[in-house]
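Undergrad: One structure, as structure tokens, below. Some questions next.
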Amino acid sequence: MSLTSDAPAVRALDDELNRQDVRVQLQAKSAETAALLREQAAQKEREQDARRRHDKAAASRGSSALVTSSASELGVSERASIDTDRRLGRAVAELRSLVVYCKMVPDLHEDEELLRAEEALEQASV
Numbered sequence: 016m017s018l019t020s021d022a023p024a025v026r027a028l029d030d031e032l033n034r035q036d037v038r039v040q041l042q043a044k045s046a047e048t049a050a051l052l053r054e055q056a057a058q059k060e061r062e063q064d065a066r067r068r069h070d071k072a073a074a075s076r077g078s079s080a081l082v083t084s085s086a087s088e089l090g091v092s093e094r095a096s097i098d099t100d101r102r103l104g105r106a107v108a109e110l111r112s113l114v115v116y117c118k119m120v121p122d123l124h125e126d127e128e129l130l131r132a133e134e135a136l137e138q139a140s141v
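Using this note's numbering, you'd call the opening residue of the sequence shown number 16 and step up by one each time.
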């Protein structure tokens, strides 16, 4: 058997492995995006709670230690929200570029993982 006669078979195997790799990447990025969306919602709620506690402490003219503590908690919560937003943005961008690539590959443009990835992008854009 010559190497040239095996070339199409090797190429077909490489293509199949690449398609499988892309499906795995789609699944992983979709899951990451969904998890970060849930984290973002929870983080926004924690930030709002921290803001309410800080506003309440400042309005009640509580001890300066209480106001300082609540301000510190609010700052931590705001930084965590910013970090979650940044990570979500990066995950969405990576997923979007993977979806665009998949739509250009004829064997993948109807794949179930691609449809799930598009749903995750839709959720992230809301």
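Every residue, glycine too, gets a C-beta built ideally from N, C-alpha and C.
1. Please classify VAL120: does DSSP put it in a helix, a strand, or coil?
2. I need the straight-line Cα distance from SER92 to GLU134, nearest angstrom please.
3. What is the rounded straight-line gap between the Cα of ALA132 and the Cα of SER84?
4. Helix, strand or coil, according to DSSP, for ASP36 in the structure here?
5. Rounded to whole angstroms, how far is the Cβ of LEU110 from the Cβ of LYS59, which I believe are closer than 8 Å?
6. Grab me the residues of GLU62's own chain with a C-beta within less than 8 Å of its C-beta, minus the 5 sequence neighbours each way, in chain order.
7. For the alpha helix (DSSP H) containing SER140, list its first residue and its last residue.
8. So, for VAL107: in the same chain, excluding its five sequence neighbours on each side, which residues have a beta-carbon less than 7 Å away from its beta-carbon?
9. How many whole angstroms separate the CB atoms of ALA74 and LEU81, which I take to be in contact at a CB cut-off of 8 Å?
10. Taking just the CA atoms, how far does ARG76 sit from ALA104?
TA: Let me lay it out:
1. coil
2. Going by the C-alpha atoms only, they are around 29 Å apart.
3. Spanning the alpha carbons of ALA132 and SER84 requires a straight line of approximately 41 Å.
4. helix
5. Their Cβ separation, rounded to whole angstroms, is 21 Å, which puts LEU110 and LYS59 out of contact at 8 Å.
6. LEU89, SER92, GLU93, ALA95, SER96
7. 127–140
8. THR48, LEU136, ALA139
9. Cβ atoms of ALA74 and LEU81 stay farther apart than 8 Å, at about 12 Å.
10. The sequence given here places Gly at residue 104; Ala does not occur at that position. Rounded to whole angstroms, GLY104 to ARG76 spans 39 Å at the Cα level.
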